[in-house]
Amino acid sequence: MAAIELRHAGTPVKLTLEKLSDRTFEVRLQRTDSNDFNLPFDAALPGSREVLWQGTSLDQAANIPFGSYQIHLSSEPLALEVRDASKKVIQSFQWQPEGKTFTFHADAPVFGLGGGGPGFDRRGAVFPMKDGWGGYKRESHGSRVAVPYLISPAGWSLFFNHLPGQMGEFDLRNPIAGYRPDAAQDALPFDLFVSLSEDPALLAVERGKIEGNAPLPPKWALGYMQSHRTLAGPDEVMSVAKTFRDHHLPCDALIYLGTGYCPAGWNKGHGSLDFNPKIFPKPAEMMKDLHDLDFKVVLHANRVPEKLHGDTLTPDGGDSIGSYWESHLPAFATGADAWWPDDGDELSAASRVARHRLYELGPLRERSNERPWSLHRTGYLGVQKYGGWMWSGDPDSTWDTLRAQVTVGLNHSVSLTPFWGSDTGGFIPSKELTSELYVRWFEFSCFTPSFRSHGRSWHLHLPWGWNTGEFGPLEVDANFTGLPALEDTRNPGIEPICKKYLELRYQLLTYNYTLARETSERGIPMMRPLWMHAPDEPETMKHGDEFFWGKDLLVAPVLEKGATRRTLYLPKGKWYDFWTGLPVEGGREITRPADLATLPLYVRAGAVLPIDPVRQFTSQATDEPLALRIYPGADGGTEIYQDDGTSMDFSKGLSLTTQMTWRDGPHMLHLKSGKKSDYVPAWPKRIRVESANGQEVRTIPWDGSKLDIPLEH
């Protein structure tokens, strides 16, 4: 049989299959007249690959072993099929000899494709790979940040490595889905990474091997952050800070918007990085005063150079990250701790990634032993390896928005960046912005990586803002009619609820910081769809309104106006109501009462949940012991990760990991720390063991050595 030339989009092509890991292989197509496979932008990490197959023609179908899978390759048209050990087809691809469409199977639920856009399961819609502030239903979904990464609990994920041109669109309306570039010439070169695993969490791990994982954030980034908009002057800056401390409302960071998007912000206008003397007349002194109150200060930055570029901080006098970073130095030297790079819709994918790179490399150059942090509106594949967090943009303050944000956050987390959050309360006020909506959103945000409140009429986004009798600066047109009822701003019951969830966030600090470390080490996001840990339960694919927080906590936000109960799905197994400690059997839907102060929260049987003492900021010293809350009914456990929370010393081994193992049969808790280092944990050497309902069982001293703690049945 004569060899058949391989073709795609009217062009003879060379196909290369390369092994990246035991679960991931790369598919590359290039024109046969091109010796170099150069993409205009490469989101994948460089590294060696093992060639599995390469050629420009095929005389008969080829079967290529790949771990426990087999890749079946055929021509006319060029097609590739992946089968597991039982010969079941996991995924199949086809390229058109003359057309530009590339097809793949979407006959099982599909997730990912970045932030925003329709649906939880992405099937049933067309997804243009174009985005921006108004990319898709900004009012409810926020900014659209489209990325060509798809993941399915059916056992696969697809990473399209920056296809050139205008990116075209993904059509997921049929079981045979398609990718169509805008023009035939944009179909080549073609670069696709295919990852395979029955465990969706391992697909997240594989994504990190391709793009890189997020650096470990500073611990303070896991605390609460309060955003400000129009400021009356320096007195208001200090008044807000002192009110947090006087009211014992935990908070770690204060974020200041720039002038331009509000009449009086921290700087002199759009693109400026100079302090506004009307707000910060003595910047260094005010920064010190805020630091003395144990707050970090985050400053807004926008109007970035449109052709931002560069891999290093070497200035070139143009639009390099080195040149742009120089303009940040005065404010940074004054005491700013972190940055809020806003806008960026106008930037290319490469410039967006360069911007994320800038806010890692720049701060590290000036403060080499201090972990940087930044919060971005835009990004692209690969940005997570530079440590920037992202938020969903500027949605309206409505119940539809709150409902949408849960699914937006889940799809964003599994495909774009693992550290995500939203504008708590919504950005643009409406008549639906009531104290009830704000509280329900606040409860939800307690279980997102970025816990931050922000929006116009910003006084209503303060934990005490619903008991002041005023809206604060309106920042709306004189004819705007979307403000909430003024009488709702005299509600003394809201601040105590906000305080409850602020304190809960800080009580979960050790749990959350260990999750952040897992995200950094393995790529698994903190906020996880139910299917990530229950892929064998079809019901989990339908519930984009609840999620896992780590593996052991299940969060079911209340998303309906006036709701006094919440129906949710509990995956199979035994669970415990976090608030009551009562056991509940899973594998079914349940309905739980939920007054305004209650977000339904469940803990997996077998979990050992660390509960910290309440702090007012993450680095606050305390004499109180760490509690370990035991949830019996299954073998299990967890680990605790500790380091100093701020420096880069953890990368030198200055950290401590403690494994906590629960054996349900003998009712025994085993504690064992990992390899010793010079790092000494900050908390006192006492452990309070608690039952599932939070009652003390015993408090014991512990010096980090191996310890077995028997508990009564």
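Going by the numbering used here, the first residue of the sequence shown is number 51, and it counts up by one from there.
Glycine residues also receive a C-beta, built at the ideal position from the N, C-alpha and C atoms.
Values in this document were obtained by computation on a predicted structure and should not be read as measured data.
Nearest-angstrom Cα separation, counted from residue j out to residue i
| i | j | result |
| --- | --- | --- |
| Met-337 | Pro-633 | 49 Å |
| Asp-236 | His-58 | 11 Å |
| Gly-165 | Ser-442 | 7 Å |
| His-350 | Tyr-729 | 35 Å |
| Ser-500 | Met-440 | 8 Å |
| Ala-52 | Gly-162 | 42 Å |
| Ser-193 | Phe-87 | 33 Å |
| Pro-391 | Ala-606 | 31 Å |
| Ser-503 | Gly-515 | 11 Å |
| Phe-294 | Tyr-551 | 14 Å |
| Leu-246 | Asn-211 | 17 Å |
| Asp-450 | Ser-190 | 6 Å |
| Asp-673 | Gln-666 | 14 Å |
| Arg-644 | Phe-597 | With the sequence shown as reference, residue 644 is identified as Ala, and Arg is not the correct amino acid for it. Whole-angstrom Cα-Cα distance: 17 Å. |
Simplified DSSP state of residue i, which is helix, strand or coil
| i | result |
| --- | --- |
| Gly-600 | coil |
| Tyr-430 | coil |
| Lys-64 | strand |
| Phe-382 | helix |
| Asp-627 | strand |
| Phe-294 | helix |
| Ser-500 | strand |
| Met-440 | strand |
| Trp-581 | helix |
| Ala-234 | helix |
| Glu-396 | coil |
| Phe-700 | helix |
| Tyr-551 | helix |
| Asp-591 | One point to set straight first is that residue 591 is Met, not Asp, in the sequence displayed. Note: Met-591 maps to helix in three-state DSSP. |
| Leu-89 | coil |
| Trp-316 | coil |
| Ala-271 | helix |
| Ser-424 | strand |
| Leu-246 | strand |
Integer-rounded CB distance, given that residue j should sit under 8 Å from residue i
| i | j | result |
| --- | --- | --- |
| Met-710 | Leu-678 | 7 Å |
| Asp-527 | Phe-477 | So it is not a contact: roughly 15 Å between Cβ atoms. |
| Asp-595 | Val-456 | 5 Å |
| Gly-471 | Tyr-488 | Actually they do not touch by this definition, with Cβ atoms about 15 Å apart. |
| Ile-121 | Leu-108 | With 8 Å as the limit, Ile-121 and Leu-108 do not qualify as a contact, their Cβ atoms being about 13 Å apart. |
| Leu-620 | Gly-636 | 4 Å |
Buried versus exposed call for residue i [16 or more other C-beta atoms within 10 Å across all chains shown]
| i | result |
| --- | --- |
| Pro-682 | buried |
| Arg-615 | exposed |
| Ile-226 | exposed |
| Thr-688 | buried |
| Gly-432 | buried |
| Met-576 | buried |
| Leu-721 | buried |
| Leu-341 | The sequence shown places His at residue 341, rather than the Leu named in the question. Classification for His-341: exposed. |
| Ser-418 | exposed |
| Glu-537 | exposed |
| Glu-553 | buried |
| Ala-671 | exposed |
| His-583 | buried |
| Gln-104 | exposed |
| Gln-745 | exposed |
| Ala-264 | buried |
Range covered by the alpha helix (DSSP H) that runs through residue i
| i | result |
| --- | --- |
| Gln-455 | 449-465 |
| Asn-562 | 559-572 |
| Tyr-729 | Where Tyr-729 is concerned, there is no enclosing alpha helix (DSSP H), given that its DSSP letter is neither H nor E. |
| Glu-335 | 333-342 |
| Tyr-488 | 485-495 |
| Trp-375 | 371-376 |
| Glu-635 | Counting along the chain, Glu-635 falls outside any alpha helix (DSSP H), though it belongs to the beta strand (DSSP E) covering 633-635. |
| Glu-764 | Limits of the chain in this structure are 51 at one end and 763 at the other, which puts residue 764 out of reach. |
Element boundaries [beta strand (DSSP E), containing residue i]
| i | result |
| --- | --- |
| Thr-106 | Thr-106 -> no beta strand (DSSP E), and no H or E assigned at all. |
| Ala-254 | First-last for Ala-254: 250-261, but that is the alpha helix (DSSP H), not the beta strand (DSSP E). |
| Val-403 | Element bounds for Val-403: not the beta strand (DSSP E) but the alpha helix (DSSP H), 399-416. |
| Glu-746 | 746-751 |
| Glu-356 | Neither: Glu-356 is in no beta strand (DSSP E) and is coded neither H nor E. |
| Ala-196 | 195-202 |
| Met-718 | 718-723 |
| Pro-178 | 176-178 |
Beta carbon proximity, residue i to chain D, threshold 9 Å
| i | result |
| --- | --- |
| Gly-205 | In the displayed structure, chain D is absent; only one protein chain is listed. |
Near the ligand ADP: residue i beta-carbon under 8 Å from a heavy atom
| i | result |
| --- | --- |
| Ala-381 | Of the ligands one can find in the structure shown there are none, so the ligand ADP has no counterpart to examine. |
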